[in-house]
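Visitor:
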Amino acid sequence: MRILTASSLYFALVFGAGFVLGVVRTLFVAPHVGTRSAELMEMPVMLLVTVAAARWTVVRLAVPSSTLARLSTGCIALLLMLAAEFGLVLRIRGLSVRQYLATRDRVSGTAYYVMLVVFAVMPLLMAKL
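My numbering runs 1070 ahead of the 1-based position in the sequence shown.
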(Lines of atoms letter the chains of each structure in order from A and count residues from 1; the text may use other names and numbers.)
(Lines give C-alpha, C1' and ligand atoms only; values in the text may rest on other atoms or scores of the structure.)
Protein backbone atom coordinates (compact mmCIF):
# COMPACT_ATOMS: atom_id res chain seq x y z
CA MET A 1 0.00 0.00 0.00
CA ARG A 2 2.89 2.36 0.77
CA ILE A 3 4.25 1.90 -2.77
CA LEU A 4 0.88 2.73 -4.35
CA THR A 5 0.55 5.83 -2.20
CA ALA A 6 4.11 6.90 -3.00
CA SER A 7 3.58 6.26 -6.72
CA SER A 8 0.40 8.31 -6.74
CA LEU A 9 1.99 11.19 -4.86
CA TYR A 10 5.13 11.15 -7.01
CA PHE A 11 3.01 11.15 -10.17
CA ALA A 12 0.76 13.95 -8.90
CA LEU A 13 3.68 16.20 -7.97
CA VAL A 14 5.47 15.80 -11.29
CA PHE A 15 2.32 15.83 -13.43
CA GLY A 16 1.01 18.93 -11.66
CA ALA A 17 4.26 20.79 -12.19
CA GLY A 18 4.44 19.60 -15.80
CA PHE A 19 0.88 20.69 -16.46
CA VAL A 20 1.55 24.21 -15.15
CA LEU A 21 4.86 24.46 -16.99
CA GLY A 22 3.21 23.12 -20.15
CA VAL A 23 0.63 25.88 -20.07
CA VAL A 24 3.33 28.51 -19.56
CA ARG A 25 5.46 26.95 -22.31
CA THR A 26 2.60 26.77 -24.81
CA LEU A 27 1.07 30.18 -24.18
CA PHE A 28 4.08 32.35 -23.37
CA VAL A 29 7.39 30.77 -24.37
CA ALA A 30 6.76 28.79 -27.58
CA PRO A 31 5.33 31.75 -29.53
CA HIS A 32 8.65 33.57 -29.03
CA VAL A 33 11.26 30.82 -29.37
CA GLY A 34 9.43 27.97 -31.16
CA THR A 35 8.01 24.73 -29.89
CA ARG A 36 11.24 22.72 -29.96
CA SER A 37 13.25 25.31 -28.07
CA ALA A 38 10.47 25.85 -25.54
CA GLU A 39 10.19 22.13 -24.87
CA LEU A 40 13.95 21.76 -24.51
CA MET A 41 14.08 24.75 -22.16
CA GLU A 42 11.45 23.09 -19.99
CA MET A 43 13.38 19.79 -19.67
CA PRO A 44 15.96 20.89 -17.05
CA VAL A 45 13.20 22.38 -14.90
CA MET A 46 11.24 19.14 -15.12
CA LEU A 47 14.38 17.17 -14.25
CA LEU A 48 14.78 19.24 -11.08
CA VAL A 49 11.08 18.75 -10.27
CA THR A 50 11.44 15.00 -10.83
CA VAL A 51 14.48 14.72 -8.57
CA ALA A 52 12.88 16.81 -5.83
CA ALA A 53 9.55 14.96 -6.04
CA ALA A 54 11.20 11.54 -5.99
CA ARG A 55 13.43 12.43 -3.06
CA TRP A 56 10.65 14.03 -1.05
CA THR A 57 8.24 11.18 -1.75
CA VAL A 58 10.54 8.29 -0.86
CA VAL A 59 11.74 10.04 2.31
CA ARG A 60 8.36 11.40 3.44
CA LEU A 61 6.52 8.12 2.85
CA ALA A 62 9.46 5.94 3.95
CA VAL A 63 9.49 3.84 0.79
CA PRO A 64 11.79 0.86 1.44
CA SER A 65 15.19 1.35 -0.19
CA SER A 66 15.07 -2.02 -1.93
CA THR A 67 15.44 -2.03 -5.70
CA LEU A 68 12.03 -3.65 -6.15
CA ALA A 69 10.17 -1.15 -3.96
CA ARG A 70 11.79 1.93 -5.49
CA LEU A 71 11.55 0.69 -9.08
CA SER A 72 7.93 -0.34 -8.52
CA THR A 73 7.19 3.16 -7.22
CA GLY A 74 8.65 4.73 -10.35
CA CYS A 75 7.08 2.30 -12.81
CA ILE A 76 3.60 2.63 -11.30
CA ALA A 77 4.00 6.41 -11.39
CA LEU A 78 5.04 6.13 -15.04
CA LEU A 79 1.90 4.14 -15.84
CA LEU A 80 -0.16 6.84 -14.16
CA MET A 81 1.74 9.49 -16.14
CA LEU A 82 1.10 7.75 -19.45
CA ALA A 83 -2.56 7.23 -18.60
CA ALA A 84 -2.91 10.93 -17.77
CA GLU A 85 -0.97 11.96 -20.86
CA PHE A 86 -2.97 9.82 -23.24
CA GLY A 87 -6.28 10.12 -21.43
CA LEU A 88 -6.40 13.76 -20.38
CA VAL A 89 -3.84 15.82 -22.24
CA LEU A 90 -4.58 14.35 -25.65
CA ARG A 91 -8.28 14.85 -25.10
CA ILE A 92 -7.72 18.50 -24.17
CA ARG A 93 -5.55 18.99 -27.26
CA GLY A 94 -7.97 17.04 -29.47
CA LEU A 95 -5.40 14.52 -30.68
CA SER A 96 -5.36 10.76 -31.07
CA VAL A 97 -2.36 8.79 -29.81
CA ARG A 98 -1.27 8.26 -33.42
CA GLN A 99 -1.50 12.01 -34.19
CA TYR A 100 0.35 12.85 -30.98
CA LEU A 101 3.24 10.52 -31.77
CA ALA A 102 3.37 11.66 -35.42
CA THR A 103 3.52 15.35 -34.48
CA ARG A 104 6.25 15.07 -31.83
CA ASP A 105 9.45 16.86 -32.77
CA ARG A 106 12.26 14.36 -33.28
CA VAL A 107 14.68 16.16 -30.99
CA SER A 108 12.43 17.35 -28.17
CA GLY A 109 10.27 14.23 -28.52
CA THR A 110 13.29 12.00 -27.96
CA ALA A 111 14.30 14.11 -24.97
CA TYR A 112 10.76 13.73 -23.60
CA TYR A 113 10.88 9.94 -23.91
CA VAL A 114 14.25 9.88 -22.15
CA MET A 115 12.73 12.02 -19.39
CA LEU A 116 9.95 9.45 -18.99
CA VAL A 117 12.56 6.75 -18.38
CA VAL A 118 14.38 9.04 -15.94
CA PHE A 119 11.05 9.67 -14.20
CA ALA A 120 10.51 5.91 -13.82
CA VAL A 121 13.96 5.20 -12.36
CA MET A 122 14.38 8.31 -10.20
CA PRO A 123 12.92 6.74 -7.02
CA LEU A 124 15.46 3.94 -7.43
CA LEU A 125 18.27 6.48 -7.83
CA MET A 126 17.16 7.95 -4.50
CA ALA A 127 17.88 4.58 -2.82
CA LYS A 128 21.03 5.96 -1.23
CA LEU A 129 18.95 8.22 1.03
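No residue lacks a Cβ here, since even glycine has one placed at the ideal position from N, Cα and C.
1. Closest to residue 1107 by C-alpha separation, out of 1186, 1087, 1187, 1179, would be which residue?
2. In chain order, what residues of the same chain have a beta carbon less than 8 Å from the beta carbon of residue 1154, not counting five sequence neighbours either side?
3. Which whole-angstrom value describes the C-beta separation of residue 1125 and residue 1185, a residue pair presumed to lie in contact below a C-beta threshold of 8 Å?
4. What is the residue span of the alpha helix (DSSP H) that residue 1163 lies within?
5. Note down the Cα distance separating residue 1109 from residue 1147, rounded to an integer number of angstroms.
6. Give me the Cβ distance between residue 1140 and residue 1193, rounded to the nearest whole Å; I'm assuming they're in contact under 8 Å.
7. Please look up how many angstroms separate the CB atoms of residue 1149 and residue 1116, rounded, as I've assumed it's under 8 Å.
8. Just to confirm, is the Cβ distance from residue 1119 to residue 1087 under 9 Å?
9. For residue 1107, which three-state DSSP category applies?
Guide: Reading it off the structure:
1. 1179
2. 1081, 1085
3. That pair is no contact at about 17 Å.
4. 1160-1163
5. 22 Å
6. About 4 Å separates the beta carbon of residue 1140 from that of residue 1193, a gap short enough to meet the 8 Å contact definition.
7. Their Cβ separation, rounded to whole angstroms, is 18 Å, which puts residue 1149 and residue 1116 out of contact at 8 Å.
8. Yes, Cβ-Cβ distance for residue 1119 and residue 1087 is below 9 Å.
9. helix
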